[in-house]
């Protein structure tokens, strides 16, 4: 049996990870969230009805709030963060503050407990500056140097906060001698991922019959990884003895595709063929992104199972129902 804490447990990946972990009835899973960006929807309510799942409302940016947590978890997954490209530009101070303070505070709490291991979820956004300024190998390995391209561009608020969080986890673990792993997610997607992401935005515009259909940065590539693969890999990194004090990519290096091709796959699922209007990507956006996941396979044996075509069908059907229920379809 494992006693598990998942911070950011009401969010997209945190919820999916908690649901995956709770499938093992021997696990006791506690979700922690402050509902700053997520909400208690029907999916979350159903998960919390399980006998082996509990919830603690907690704001990790406030150190005193962490007293609500137990002190004897076997596994702590730290996912609490503000994400979403629009937020990087609109509320960069909140992005920096929430992501940095939650990491400081969870680590200060962790070193006072009897918890066994902690895992930080980080991001492929960390490579964006190095890519545009110096170029990096693609697929990209974990040992590529990281940099912030332009401190005046608010886009870097998120990558900056994640790089700082990695530094905190690595140096706390070294100084206080505890077990720790870091995973860098590469374009995880799936149902319930919110609305401020490219796939849900495309789906809503498809349903609203946008014409011409606008695609920004159509030649940019991303390697999309389905949420079910992402959370399984995350669990395997946590459980493996080989992954301690390592930074490990989680993604699907076999599914690199251009944004235009991804859109066309969604059009096929929806049975539409709109006129397209393609424009360049905004400044600071990365032209190509694909992880080298060799280390993940070597340390855990994990291989992704869900193809992009399968995943797009699932996410389209889920969001079609969700948008219709919320009256977002005109």
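Numbering (this note's numbering), first residue to last: 22 to 351.
Backbone N, C-alpha and C fix where the C-beta goes; we use that ideal spot for every residue, glycine too.
The C-beta separation of residue 189 from residue 125 comes to about 6 Å, placing the pair in contact by the 8 Å criterion.
Looking at the backbone, the Cα of residue 295 and that of residue 339 are separated by about 21 Å. The beta carbon of residue 151 sits closer than 7 Å to those of 157, 165, 166, 167, 168, all from its chain and outside the five residues before and after it, given in chain order. Under a 10 Å Cβ-count criterion, residue 113 is classified as buried, with 16 or more other Cβ atoms of the shown protein chains found around its own Cβ. The C-alpha of residue 281 is placed about 22 Å away from the C-alpha of residue 161. The three-state reading of DSSP puts residue 145 in helix, counting H, G and I together. Contact between residue 123 and residue 153 is ruled out by a C-beta separation of about 28 Å, above the 8 Å threshold. DSSP, read as helix, strand or coil, puts residue 99 in strand.
Close CB contacts of residue 50 within its chain, under the 7 Å cut and outside five residues either way in sequence, are with 25, 27, 39, 42, 43, 73, 74 (chain order). According to the DSSP assignment, residue 234 belongs to no alpha helix (DSSP H) but to the beta strand (DSSP E) extending over 234-237.
Its chain contains 27, 28, 29, 30, 32, 34, 35, 38, 142 as the residues whose beta carbon lies nearer than 8 Å to that of residue 100, once the 5 sequence neighbours on both sides are disregarded; these appear in chain order. Ranked by how close their Cα comes to the Cα of residue 272, the residues 103, 327, 306 have 327 in first place.
Taking the Cα of residue 303 as reference, the smallest distance to any Cα among 319, 180, 208, 107 is reached at 107. Put simply, of 163, 120, 171, 210 the residue whose alpha carbon is nearest the alpha carbon of residue 186 is 120. In the DSSP assignment, residue 66 falls outside any beta strand (DSSP E) and within the unbroken alpha helix (DSSP H) covering 63-69. For residue 51, the pairing in a beta bridge is given by DSSP as 26, 75. Where residue 117 is concerned, the enclosing alpha helix (DSSP H) starts and stops at 113-131.
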